[in-house]
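Numbering (our numbering), first residue to last: 107 to 455. Heads up, the beta-carbon is just placed ideally off N, CA and C, and yes, glycines get one too. On a predicted model such as this, the values are computed, not experimentally measured, just so you know. Note sheet for the following structure.
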Ligand SMILES: [Zn+2]
């Protein structure tokens, strides 16, 4: 009798747990496609003759693998051929960044033989350089990359006033949080001469392990740029990134795409607002929050990845007004890409 009672008790506990797990839950994915970590690859010194591997190899190698990168242009070094190439790279999904007009040191250094720049050079090194990118590619660079990563607070504040989206002026050898922090103080890690190329894969994997955003800085390949590597070594890295993306571990994106996603995440809360008799969500609502956004022209989109966990069958369709919402089912989760400008999401079974 005692045993029967115990079994009965155990049975109720188990059924209660099962009933609990049937309750649907919804959340905003920390990173797009509900990846565990994010990765941005920046190639500095586009336009310089010594870094021509960016246009000769890197563009094609990344485009063939559908991996978007950022390239930081020294605008004073770009000739007409470089601008044509920059436009083609942008059409491939890559992002151009402003790396100043003449690549000088933003703070005096013993080793710096390239000359220094300061406030009096802002009209050239920042403004004219921005205009050249705008005029030649039709794109605002959105992010500023300080040569040799040497900057001052005055420079960063000038960029804020000039409506940039951000800058690589944070801490070196540090990851970035999944949540929006100051995008003008982005942390990064630089690939240095003599480092084993395996450090590239390790740093991307660190983003996955710590569920954060890694920004990797490199220069060219198969050229004379600082810390260049071979095409074969670079391919090893890209193939590793591709595998991590296919395994849904990593989201590889440009600086603008990651920062846009971080901003958009702050604009909405998400909740299940209607269910059917089986306890499946039939309506999800994005509740607008009071978030301050940068200039609309600097944002790349208004979409978010929403994740719904529930047991039972998957929806036949998901819609927002008349738009079909793309979704996939993975590990028992329904992962959808929604437009945050339309608040109601309807699920039919
Ligand atoms: Zn540089």
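Which same chain residues end up closer than 7 angstroms to residue i when comparing Cβ atoms and leaving out the 5 residues on each side of it in sequence?
| i | result |
| --- | --- |
| residue 245 | 196, 202, 239 |
| residue 214 | 222 |
| residue 247 | 202, 203, 204, 236, 239 |
Would you say the beta carbon of residue i is closer than 7 angstroms to some non-hydrogen atom of ligand 1?
| i | result |
| --- | --- |
| residue 185 | no |
| residue 303 | no |
| residue 209 | yes |
| residue 205 | yes |
| residue 394 | no |
| residue 150 | yes |
| residue 174 | no |
| residue 247 | no |
| residue 253 | yes |
Under 8 angstroms Cβ to Cβ from residue i, same chain only, skipping five residues before and after it: list those, please.
| i | result |
| --- | --- |
| residue 127 | Caution is warranted here: a pLDDT of 46 is assigned to residue 127, below 50, making its placement in the model unreliable, and the coordinate value is therefore given only provisionally. Answer for residue 127: 417, listed in chain order. |
| residue 435 | 420, 441 |
| residue 316 | 143, 281 |
Leaving out five residues on either side along the sequence, give the residues of the same chain with a beta carbon under 6 angstroms from the beta carbon of residue i.
| i | result |
| --- | --- |
| residue 437 | none |
| residue 442 | 412, 424, 431, 433 |
| residue 448 | 426, 427 |
| residue 340 | 327 |
| residue 371 | 134 |
| residue 147 | 175, 322 |
| residue 171 | 344, 348 |
| residue 123 | Its pLDDT being 43, under 50, residue 123 is placed unreliably by the model, and the measurement read from it follows with that caveat. Hits under 6 angstroms: none found. |
List the whole-angstrom C-beta distance separating residue i from residue j, where the pair is believed to meet the contact cut-off of C-beta under 8 angstroms.
| i | j | result |
| --- | --- | --- |
| residue 234 | residue 222 | Between residue 222 and residue 234 the Cβ distance is about 18 angstroms, and since that is not below 8 angstroms, they are no contact. |
| residue 273 | residue 265 | 6 angstroms |
| residue 394 | residue 369 | About 14 angstroms separates the two Cβ atoms, so there is no contact after all. |
| residue 346 | residue 141 | Actually they are not in contact, since the Cβ atoms of residue 346 and residue 141 sit about 15 angstroms apart, beyond 8 angstroms. |
| residue 156 | residue 329 | 6 angstroms |
| residue 292 | residue 362 | That pair is no contact at about 12 angstroms. |
Checking the sheet assignment: what are the DSSP bridge partners for residue i?
| i | result |
| --- | --- |
| residue 179 | 152, 204 |
| residue 407 | Its beta-bridge partners do not exist; DSSP assigns none. |
- Query: Whole beta strand (DSSP E) runs in the stretch 421 to 450 with 3 or more residues, listed along the chain?
  - Reply: 423 to 426, 433 to 436, 439 to 445
- Message: What ranges does the beta strand (DSSP E) occupy inside the stretch 360 to 412, keeping only unbroken runs of at least 3 residues that lie completely in it?
- Response: Taking only runs of at least 3 residues, the beta strand (DSSP E) segments lying wholly in the stretch 360 to 412 are 374 to 381, 387 to 394.
- In chain order, which continuous runs of the alpha helix (DSSP H) of length 4 or greater are located wholly inside the stretch 249 to 322? 259 to 267, 304 to 315
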